[in-house]
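Report on one structure; see the data block that follows.
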Amino acid sequence: MPSTTRRAFAAGLSTVVAAGCVGRDDADAAPHWVSVYLADREATRDVTVTVLDASGATLFEESYRLSDDNEAKEDATFPGSAEPETVVVTVDDARFERDWPGFERASLPCDGPNRSGVELWIESAPDQGPDLRLEADCQHVTEA
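When we follow our numbering, the leftmost residue of the sequence shown carries the number 812, and every step to the right adds one.
Set out below in C-alpha cells:
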C-alpha cells in the first residue's frame, strides 16, 4: 500500500501541473483582432469601433477616417484572454451594435493558435447612408 507521503506528493504535483496549464493558456492566448474595410471607396467615412465585454467594459476602441486613399485598417488587436461580447461601430454618427461572433458561426470556435476576430465592412445603404457588414473569421495575429 502506498505511503501517505507518496500520495501527498502525487496530489501536490498534480495540482501544480494543472495550475500551470490553466495560467499558461490565459497569459499566452493569441490576441483577438479587428479589421475595418471601406467597401464604397467613393465615400469618406469616420468610423469608431468599440468592443465590450459582458459587463460593458471596453476591451478595444479605435477611430479611423476611411477613404479611397486609406480604405483599410487591418489586424488591430486586443488581448486574447479577454472575453468579447459586443461590437459597437459608429459610422458618421450612425450607430450599429452586433454580438461578437461565437459558436453559432460554422468557422468558430477557432482551432490551434488561431483566435476569433471580425472583419467590419463599411458599406453604403441604398439611401447612400452608411451600412455595416460583420464577418467572423479565425487567424493568428501577433500583438503590436
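From the three backbone atoms N, C-alpha and C, an ideal C-beta is built for every residue, glycine too.
- Take alanine 936, set aside five residues on each side of it, and the residues of its chain with a beta-carbon closer than 7 Å to its own are Asp942, in chain order.
- With a threshold of 16 other beta carbon atoms within 10 Å, proline 920 falls short and is exposed.
- As DSSP reads the structure, histidine 843 sits in a beta bridge with Phe889.
- Sorting Trp932, Gln939 and Thr861 by C-alpha distance to the C-alpha of threonine 869 places Thr861 at the top.
- Counting other Cβ atoms within 10 Å of its Cβ, histidine 843 reaches 16 or more and is therefore classed as buried.
- By the C-beta density criterion, proline 924 is exposed, having fewer than 16 other C-beta atoms within 10 angstroms.
- Here the C-alpha atom of aspartate 851 lies approximately 24 Å from the C-alpha atom of threonine 888.
- For serine 874, the enclosing beta strand (DSSP E) covers residues 869 to 877.
- When DSSP reads this structure, serine 927 sits in a beta bridge with Cys949.
- Sorting Phe907, Arg909 and Pro890 by C-alpha distance to the C-alpha of valine 952 places Pro890 at the top.
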